[in-house]
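2 protein chains.
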Amino acid sequence: MPEPDKHQQIIDAAVRVFARRGYHSARVADIAHEAGIASGTIYLYFETKGDILVTLFREKIGGFVADVRKAIAGEPDALAKLRRLIRLHFQILERDPALAEVIQVELRQGQKFFRGASSAEVGDYFNVIASVLEEGVASGVFRHDLPVKTATRALFGAMDQMATSWVLGKRTYKLADAADALGDMFLLGLAAKP
Amino acid sequence: MPEPDKHQQIIDAAVRVFARRGYHSARVADIAHEAGIASGTIYLYFETKGDILVTLFREKIGGFVADVRKAIAGEPDALAKLRRLIRLHFQILERDPALAEVIQVELRQGQKFFRGASSAEVGDYFNVIASVLEEGVASGVFRHDLPVKTATRALFGAMDQMATSWVLGKRTYKLADAADALGDMFLLGLAAKP
DNA sequence: GTTGCGACTGAATCGGCATTCATTATGTAG
DNA sequence: CTACATAATGAATGCCGATTCAGTCGCAAC
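From first to last, the protein sequence lines stand for chains A and B. The first sequence runs 1 to 194 under our numbering. The second sequence runs 1001 to 1194 under our numbering.
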């Protein structure tokens, strides 16, 4: 009867080790060491090394999406929801640097992020974004002819790239401070007002 | 005296094999077979398997940036340059599906794309985008208070995500068709006109 | 104190594939 | 035709670390 505790212990250790060494050069023995257990024990809780990675981001991204969903549900209109979503996206990553490193850099290994095992979770997030945009179109705060799919991808891509740049840089500036600038850009555009 | 020809032959074979199998499950022997040579011959032209990947995207991305630079130089103002850049970004990827697969999916392995060996080339591309935005700010077609760095990242991220979505989907729709929609979004924003 | 049982351990195994290099082919010059 | 140089070959090597599993531990029941 594997302790549910140890599962979490291994996941947390894996986040730290993957952040430090990268997925490929991380050895299973390293994760075990970081978790304070023997390497064989890992295999009582996970099938393979890849399974650790897959499970880790399913759980983390699943939690991420749930947090965002809950937060925006409390906002009054699409505009507030959009701004809140952007801010939260950044806050969550900023809060946990090791997790941010893993999500922005390591999880993109091969197919795993957008294809493969966590595509469902990522798809959920896309749906959350799309639903906010649709609500805004329906209520008239966004352009009635907004191409929602395109806008969803563009917004996600923009946030994701800002997060990646922040991780790869020294993380000197506050990521969350960029949230409002990004929100303004999307809402108002780059063009000068006539 | 290695033939300069064979270098290219190997790179081209590698693009096809990486696109098909993914970098990790691609064997050096597969690339050799695809190129019609023996596996040992690869090592007369490249140090390691990783070197093939690194060289491949240095050359490809370098060419990509050069193409974009040249194309926008011919455009009259920042607005036209921006639209041209977006269109070209998509056209180049659409023209070569195997290369698109490799750039969007395989090259993100670990650190290689934004960190590591090709960061200089990617940095060049960021500079091209930023210079267009700066020109637009200076000439007054873009908001004078536009945060150029943020906008550069956001625009790159948006294009990159659209490309990734297109690669992961069945590539059914025309990627280039989304270019104008994306341009409009960035220039005008999501918000409804008052 | 002995038996049983699940959790845990970590040294030994094993397979896969990048890399090497002794050998062969191709080409050129005298 | 012989001698030398350079390019190409592909079978054999060697490494590395994920995975396994025979054995140990801790504990509860009787």
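Heads up, the beta-carbon is just placed ideally off N, CA and C, and yes, glycines get one too.
Give me the Cβ distance between A/LEU56 and A/ALA14, rounded to the nearest whole Å; I'm assuming they're in contact under 8 Å.
6 Å
Return the residue from the list A/ASP160, A/VAL148 and A/TRP166 that minimises the CA-CA distance to B/MET1185.
A/VAL148
Paired residues, beta bridge with A/ALA73 - DSSP
BP columns for A/ALA73 are empty, so no partner.
Starting from B/GLY1136, trace the alpha helix (DSSP H) in both directions and tell me its first and last residue.
Where B/GLY1136 is concerned, the enclosing alpha helix (DSSP H) stretches over 1119-1139.
Do A/ALA192 and B/VAL1141 have their C-beta atoms within less than 9 Å of each other?
yes
Cβ-based contacts, 9 Å cut-off: residues of the region 1137-1154 of chain B near chain A:
VAL1137, GLY1140, VAL1141, PHE1142, ARG1143, HIS1144, LEU1146, PRO1147, LYS1149, THR1150, ALA1151, ARG1153 and ALA1154
A/ASP160 versus chain B: which residues are under 9 Å apart at the beta carbon?
Near A/ASP160 (Cβ distances below 9 Å), the residues of chain B are GLY1157, ASP1160 and GLN1161.
Say whether chain B places a C-beta atom closer than 9 Å to the C-beta of A/SER39.
no
For A/ALA100, decide whether its Cβ has a neighbour in chain B, counting only Cβ atoms nearer than 9 Å.
no
Between A/THR164 and chain B, is there a C-beta pair that is closer than 9 Å?
For A/THR164, the nearest beta carbon of chain B is closer than 9 Å to its own beta carbon.
Give the DSSP-derived three-state secondary structure of A/PHE142 in the structure shown.
strand
When the Cα of B/VAL1105 is compared with those of B/ALA1032, B/ALA1163, B/LEU1187 and B/GLY1183, which residue comes out closest?
That would be B/ALA1163, whose Cα lies nearest to the Cα of B/VAL1105.
Check the C-beta distance from B/THR1041 over to B/ALA1029 and give it rounded, since I have them as a contact under 8 Å.
The pair is not a contact, with the Cβ atoms about 11 Å apart (cut-off 8 Å).
Taking the continuous alpha helix (DSSP H) assigned at A/ARG47, which residues delimit it?
The sequence as given places Glu at residue 47 of chain A; Arg does not occur at that position. Here A/GLU47 belongs to no alpha helix (DSSP H), and DSSP marks it neither H nor E.
Delimiting residues of the alpha helix (DSSP H) encompassing B/VAL1167:
1148-1168 is the extent of the alpha helix (DSSP H) around B/VAL1167.
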